[in-house]
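Colleague: In terms of my numbering, the sequence shown opens at residue -14 and continues consecutively. Backbone N, C-alpha and C fix where the C-beta goes; we use that ideal spot for every residue, glycine too.
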Amino acid sequence: MAVELLVGLQVNNADLYAEYRRLMTPILHQHQGDFGCDFLVQQSLKPADTAINRVFTIYFASQQLMDSFFTHPDYLKIRQDYFEPAVSASHILATYQRPD
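1. Is S81 buried or exposed, if buried means 16 or more other CB atoms sit within 10 Å of its CB?
2. Under 7 Å between the Cβ atoms of L50 and H16?
3. Note down the Cα distance separating G(-7) from M(-14), rounded to an integer number of angstroms.
4. Exposed or buried, which one is I77 when buried takes at least 16 other CB atoms within 10 Å?
5. State buried or exposed for E(-11), treating a residue as buried only when at least 16 other CB atoms are found within 10 Å of its CB.
6. Considering only C-alpha positions, which residue in the set G18, Q(-5), L1 is nearest to R83?
7. Please confirm whether any heavy atom of the ligand NAP lies closer than 6 Å to the CB of Q28.
8. Give me the DSSP bridge partner(s) of R39.
9. For my contact list, L8 and I63 are in at a C-beta cut-off of 8 Å; report their separation, rounded to the angstrom.
10. Considering only residues of the same chain and omitting the five flanking positions on each side of C22, which have a CB-CB separation below 7 Å?
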């Protein structure tokens, strides 16, 4: 069954984050995953102590494929080199079965 995550980020370096997305997307597609909606957020109202300026959905054909993607060594290296220096906060806002 397909699974989807709703994710909120605080991106502090848009250029590094864009490079992260560019490099990780082929690995994402190899794991039958893709992005759905993607938003730049101007202001977070609640909770006030959690800044979020990017919200998106990411989905996979199955939980197993999602788990395999997030533990893939190539993905982990890209995450370390680009995501971690670009993003100061990451929040999984929801996880749910994706409707067909």
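Modeller: Let's see:
1. As a first step, residue 81 must be located in the sequence shown, where it is residue number 96. Note that residue 81 is Tyr in the sequence shown, not Ser. That one is exposed.
2. Here residue 50 refers to the residue found at position 65 of the sequence shown. Here residue 16 refers to the residue found at position 31 of the sequence shown. Going by C-beta atoms, L50 is nearer than 7 Å to H16.
3. Counted from its first residue, the sequence shown places residue -7 at position 8. Counted from its first residue, the sequence shown places residue -14 at position 1. Between G(-7) and M(-14), the C-alpha separation is close to 23 Å.
4. By one-based count along the sequence shown, residue 77 stands at place 92. Burial call: exposed.
5. Taking the first residue of the sequence shown as position 1, residue -11 is located at position 4. Counting Cβ neighbours within 10 Å, E(-11) comes out buried, since at least 16 surround it.
6. The sequence position of residue 83 within the sequence shown is 98, counting from 1. Of the listed residues, the one whose Cα sits closest to R83 is G18.
7. The model on display carries no ligand, and the ligand NAP is accordingly not part of it.
8. By one-based count along the sequence shown, residue 39 stands at place 54. Note: R39 sits in a beta bridge opposite L(-6), L25.
9. As a working note, residue 8 is residue 23 in the sequence shown. As a working note, residue 63 is residue 78 in the sequence shown. Correct: roughly 5 Å between the Cβ atoms.
10. The count along the sequence shown starts at 1 and reaches residue 22 at position 37. F41, T42.
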